[in-house]
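Following my numbering, the numbering of the sequence shown begins with 25 at its first residue and continues without gaps.
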Amino acid sequence: MSISTGESPSRLAWRRLRKNRGAVIGMIVLGIMVIMAIFAPFVTPFDPSTQILEYSVKPAGFRGKVIFKRNLADADVPSIIAVSSYKEMGDSVYYQDPAGEPYRVARSTLIGTEPHEYYDEPLFLLGTDRFGRDLFTRLVYGMRVSLSVGLISESIALAIGIILGALAGYFRGWADDGIMWLVNVVWSFPTILLVVAFSVILGKGYWQTFVAIGISSWVDIARIVRGQFFSIREQEYVEATRALGYGHIRTIFRHMLPNAAGPIIVLSTAGFATAIIAEASLSFIGLGVQPPTPSWGQMIKDGYGYIALGTNWGMTLFPSLAMAIGVLVLNVFGDGLRDALDPKTSQR
């Protein structure tokens, strides 16, 4: 007779998660997106606000020719001059711009003294926008904005939803009646309408977007937590905590809430994805993150007018595709977490 060694719930959950191919792929893609967002300055060739007007609306794969000049206003961000050709003569560098106009610049004002230091032929992997800004750079920095908005706004929604849902499900009675009345009032309005309303009240900006989305997205979390607490409240271990004289706060957050973690995690990953879409929607209508800060919604807005012209469809396609992939992997990963955290799946 074999004796099975006990494993911790977290180890069992991790083992089940690794067996879910979709969840693993989603986790890997999500991890790549997070790493790219964190290390954006190291994986992108330009600053997201750098403009090269001569390279406006260039297609994907375009390779330019540029000279880097010292920027007196900001020493960390050099001025970029688009050229078609250049030639060194003494202490000066003579060049022609893409239109064929000749110019001269003192070599002492350039970044370095050798051609390999001040001259480059950068690849615009996804093309450029109407201001000549690199789309790949702005896409990666927009990913940073979207992920940070999703994380912080969903954290706000989780804090509000868990507290209110736990109080309603644990105490019941007048607490449940009052909280559910508030839930029903808020739930009667479309989430995106509430987000727009709070954005108008709080104003436009980066942090205002976090708060507006967060305080508009807690209702579903509160309802799920309330329902979970209704069933958990009658379990024997909860009765035992009362018999041992544990306080309400300890019982709720240390003993009951961990047992409701599965549905909350799934809902939070879905809410994370919804927050990304909400942020893009706000930026698209001009109420979210403001230019020149890159945002996927703002990029889609800037590029959708070029679709009919057929000049650079990538300006809209690439941020739309990035947003779709982000939402998809979050949902797939969330479903995998749900299955991993549900003990019943180990019996299937």
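Cβ coordinates follow ideal geometry from the N, Cα and C atoms, glycine included. Remember, it's a predicted structure, so these values are computed and weren't measured experimentally.
Just verifying my parser: in three-state terms, what is the DSSP assignment at L134?
Numbered from its first residue, the sequence shown carries residue 134 at position 110. Strand.
Do you know how far the Cα of I237 is from the Cα of V207?
Mapped onto the sequence shown, residue 207 falls at position 183. Mapped onto the sequence shown, residue 237 falls at position 213. The straight-line gap from Cα to Cα measures roughly 16 Å.
State buried or exposed for F66, treating a residue as buried only when at least 16 other CB atoms are found within 10 Å of its CB.
Start at 1 with the first residue of the sequence shown, and residue 66 comes out as number 42. With fewer than 16 other beta carbons inside 10 angstroms of its own, F66 counts as exposed.
Which same chain residues, not among the five before or five after R35, have their C-beta less than 7 Å away from its C-beta?
Mapped onto the sequence shown, residue 35 falls at position 11. Result list for R35: empty, nothing under 7 Å.
Provide the residue span of the beta strand (DSSP E) that contains K82, from first to last.
Position 58 of the sequence shown, counted from the first residue, corresponds to residue 82. Counting along the chain, K82 falls outside any beta strand (DSSP E), and DSSP gives it neither H nor E.
From what residue to what residue does the beta strand (DSSP E) around Q120 run?
To locate residue 120, count along the sequence shown from 1; it is residue 96. Unbroken beta strand (DSSP E) run through Q120: 116-120.
On the criterion of 16 or more Cβ atoms from any shown chain inside 10 Å, does R87 qualify as buried, or is it exposed?
Translated into the one-based positions of the sequence shown, residue 87 becomes position 63. Flag for R87 reads exposed.
Anyone know if the C-beta pair for F78 and P126 falls short of 7 Å?
Reading the sequence shown from its first residue, position 54 is the one you call residue 78. Reading the sequence shown from its first residue, position 102 is the one you call residue 126. The question names Phe, but residue 78 is Glu in the sequence shown. Result no, Cβ atoms of E78 and P126 do not sit closer than 7 Å.
Bridge partners of L147, per DSSP?
The count along the sequence shown starts at 1 and reaches residue 147 at position 123. Its beta-bridge partners are R87.
Quick one: what does DSSP say P287 is sitting in, helix, strand or coil?
Against the sequence shown, residue 287 aligns to sequence position 263. In the structure shown, P287 adopts helical secondary structure according to DSSP, grouped into three states.
Buried or exposed: N95, going by 16 or more other Cβ atoms within 10 Å of its Cβ?
Indexing the sequence shown from 1 puts residue 95 at position 71. Its Cβ having fewer than 16 others within 10 Å, N95 is exposed.
Since I289 contacts G350 with CB under 8 Å, what's their CB separation in whole angstroms?
If you number the sequence shown from 1, residue 289 lands on position 265. If you number the sequence shown from 1, residue 350 lands on position 326. Not confirmed; about 18 Å, so no contact.
Would you mind stating whether A190 and I203 have Cβ atoms separated by less than 7 Å?
Here residue 190 refers to the residue found at position 166 when the sequence shown is read from its first residue. Here residue 203 refers to the residue found at position 179 when the sequence shown is read from its first residue. By the CB criterion at 7 Å, A190 and I203 fall outside the cutoff.
Which same chain residues, not among the five before or five after Y165, have their C-beta less than 6 Å away from its C-beta?
The residue you call residue 165 lines up with position 141 of the sequence shown. A64, P72, P318, listed in sequence order.
Exposed unless 16 or more other CB atoms sit within 10 angstroms - verdict on S223:
Start at 1 with the first residue of the sequence shown, and residue 223 comes out as number 199. So S223 ends up on the buried side.
If you measure between the beta carbons of I276 and Y328, is that distance less than 7 Å?
The count along the sequence shown starts at 1 and reaches residue 276 at position 252. The count along the sequence shown starts at 1 and reaches residue 328 at position 304. No, the Cβ-Cβ distance between I276 and Y328 is not below 7 Å.
So what does R128 bridge to, in DSSP terms?
Position 104 of the sequence shown, counted from the first residue, corresponds to residue 128. Bridge partners of R128: Y118.
Can the beta-carbon of D92 be found less than 7 Å from the beta-carbon of I135?
Position 68 of the sequence shown, counted from the start, is the residue given in the question as residue 92. Position 111 of the sequence shown, counted from the start, is the residue given in the question as residue 135. Correcting the residue identity first, residue 92 is Phe in this sequence and not Asp. It is a contact, given that the beta carbons lie within the stated cut-off.
CB of F296 within 7 Å of CB of L163, strictly:
Start at 1 with the first residue of the sequence shown, and residue 296 comes out as number 272. Start at 1 with the first residue of the sequence shown, and residue 163 comes out as number 139. Their beta carbons are not under 7 Å apart, which means F296 does not touch L163 by this criterion.
Are the segment 211-228 and the segment 305-313 touching, with three or more C-beta to C-beta distances below 8 Å?
Enough Cβ pairs lie closer than 8 Å, so yes.
DSSP state of S172 mapped onto helix, strand, coil
Within the sequence shown, numbered from 1, the residue matching residue 172 stands at position 148. S172 falls in the helix class under three-state DSSP.
If we call anything under 7 Å between Cβ atoms a contact, is I52 one with G174?
Position 28 of the sequence shown, counted from the start, is the residue given in the question as residue 52. Position 150 of the sequence shown, counted from the start, is the residue given in the question as residue 174. Judged by their CB atoms, I52 and G174 are not nearer to each other than the 7 Å cut-off.
In whole angstroms, what is the alpha-carbon distance linking L361 and N44?
For the purposes of this step, residue 361 is taken as the residue at position 337 of the sequence shown. For the purposes of this step, residue 44 is taken as the residue at position 20 of the sequence shown. Linking L361 to N44 through their CA atoms gives a straight-line distance of about 9 Å.
For L354 and L41, which I take to be in contact (beta-carbon distance under 8 Å), what is that distance rounded to the nearest angstrom?
The residue you call residue 354 lines up with position 330 of the sequence shown. The residue you call residue 41 lines up with position 17 of the sequence shown. Contact check for L354 and L41: beta-carbon distance about 15 Å, past the 8 Å limit, so the pair fails to qualify.
Helix or strand or just coil, what does DSSP make of S179?
By 1-based counting over the sequence shown, the position of residue 179 is 155. S179 falls in the helix class under three-state DSSP.
Is it buried or exposed, G185, if we count other Cβ atoms within 10 angstroms and call 16 or more buried?
What you label residue 185 is simply residue 161 of the sequence shown in a count that begins at 1. In the assembly as shown, G185 is a buried residue. Its beta-carbon has 16 or more other beta-carbons within 10 Å.
Chain B beta carbons: is any one of them nearer than 7 Å to that of P282?
Annotation note: the requested chain B is absent from the structure, which comprises a single protein chain.
Using CA coordinates, which residue listed in V81, L365, G269 is at the minimum distance from F148?
By 1-based counting over the sequence shown, the position of residue 148 is 124. That would be V81, whose Cα lies nearest to the Cα of F148.
Buried or exposed for E377, going by 16 or more other Cβ atoms inside 10 Å?
Coverage of the chain is limited to positions 25 through 372, which leaves residue 377 absent and any answer about it impossible.
So the alpha helix (DSSP H) K228 belongs to, where does it begin and stop?
Locating residue 228 in the sequence shown gives position 204, counting from the first residue. K228 -> no alpha helix (DSSP H), and no H or E assigned at all.
To which residues of the same chain is I76 closer than 6 Å at the C-beta, ignoring the five residues directly before and after it?
Taking the first residue of the sequence shown as position 1, residue 76 is located at position 52. Close CB contacts of I76 within its chain, under the 6 Å cut and outside five residues either way in sequence, are with I104, A106, G156 (chain order).
Per-residue burial, W231 [other beta carbons within 10 Å of its own, 16 or more giving buried]:
Indexing the sequence shown from 1 puts residue 231 at position 207. Exposed, by the Cβ-count rule.
By Cβ distance, which residues of its chain are closer than 8 Å to D115, with the 5 residues on each side in sequence left out?
The residue you call residue 115 lines up with position 91 of the sequence shown. The residues are A130, R131, S132.
Helix, strand or coil at D363 [DSSP, three-state]
Your numbering for residue 363 matches position 339 in the sequence shown. Helix.
Of all the options I56, Y119, G124, which has the alpha carbon lying nearest to the alpha carbon of Y142?
Position 118 of the sequence shown holds residue 142. Ranked by how close their Cα comes to the Cα of Y142, the residues I56, Y119, G124 have Y119 in first place.
Among residues of its own chain, excluding the 5 on either side of R39, which ones have a beta-carbon nearer than 6 Å to its beta-carbon?
Residue mapping note: residue 39 aligns to position 15 of the sequence shown, counting from 1. A distance below 6 Å between beta-carbons, with the five flanking residues on each side excluded, links R39 to no residue of its chain.
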